[in-house]
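Please read the structure below before turning to the comments.
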Amino acid sequence: MKATVKWTDGRQFVAESGSGHSVVIDGPPDHGGRNTGPRPMELLLMGMGGCTSFDILNILEKARAEVSDCVASIEAERADATPSVFTRIHVHFTVTGKGLKEKQVARAVELSAEKYCSASIMLVKGGVEVTHSYTIVEA
Numbered sequence: 001m002k003a004t005v006k007w008t009d010g011r012q013f014v015a016e017s018g019s020g021h022s023v024v025i026d027g028p029p030d031h032g033g034r035n036t037g038p039r040p041m042e043l044l045l046m047g048m049g050g051c052t053s054f055d056i057l058n059i060l061e062k063a064r065a066e067v068s069d070c071v072a073s074i075e076a077e078r079a080d081a082t083p084s085v086f087t088r089i090h091v092h093f094t095v096t097g098k099g100l101k102e103k104q105v106a107r108a109v110e111l112s113a114e115k116y117c118s119a120s121i122m123l124v125k126g127g128v129e130v131t132h133s134y135t136i137v138e139a
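First residue of the sequence shown? That's 1 in UniProt numbering, and the numbers climb one at a time after it.
Structure follows, in structure tokens:
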């Protein structure tokens with residue numbers, strides 16, 4: 001896997017993934033940015049949310065669950081000192097579908113957290129406390 005990050009101006013960068021997709025990264029004006037894109041640490045959270053959501057949808061699809069929506073809401077706390085690393089991350093999934101079984105959703109969340117989501121497992125191994133919860137909504 002590869003990526004490039006090119007500085008464009010101020011504190012703005014354009015990151016390009018090895019698969020050819022680009023995203024603008026920027027900082028706030030008080031740090032020399034123009035607020036034209038997410039901050040690097042926000043991207044890390046978004047990546048983790050995408051990783052675990054991807055897993056959950058795959059697992060539920062294999063279980064033939066009828067999922068119509070899945071939203072991961074993520075809240076994180078960071079250390080007060082430099083480096084301001086993540087200390088805690090909580091991911092709450094709102095999974096919507098027809099006749100979803102609580103046992104299936106709980107198992108999907110558990111499997112993602114403990115076995116499949118490389119991003120969250122990497123953060124846990126780095127000392128971040130990562131927790132998960134979910135709500136099931138009938139479609």
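Glycine residues also receive a C-beta, built at the ideal position from the N, C-alpha and C atoms.
Fewer than three pairs of CB atoms, one per stretch, sit closer than 8 Å, so the segment 96 to 106 makes no contact with the segment 74 to 83.
Look at SER53 here: in three-state DSSP terms it is helix. For ILE74, the CB contacts under 6 Å within the same chain, skipping 5 residues up- and downstream, are LEU45, GLY49 and VAL91 in chain order. Taking the Cα positions, PHE86 is about 22 Å away from ASP30. The beta carbon of ALA119 lies closer than 6 Å to those of GLY47, MET48 and CYS51 in the same chain, with the five residues before and after it left out. Counting along the chain, LYS98 sits inside no alpha helix (DSSP H); it lies in the beta strand (DSSP E) bounded by residues 86 to 98.
Residue burial annotation: SER133 is exposed, with fewer than 16 other C-beta atoms found within 10 angstroms of its C-beta.
GLY18 places its beta carbon less than 7 Å from that of LYS2.
In this structure, the alpha-carbon of GLY126 lies about 24 Å from that of ILE25.
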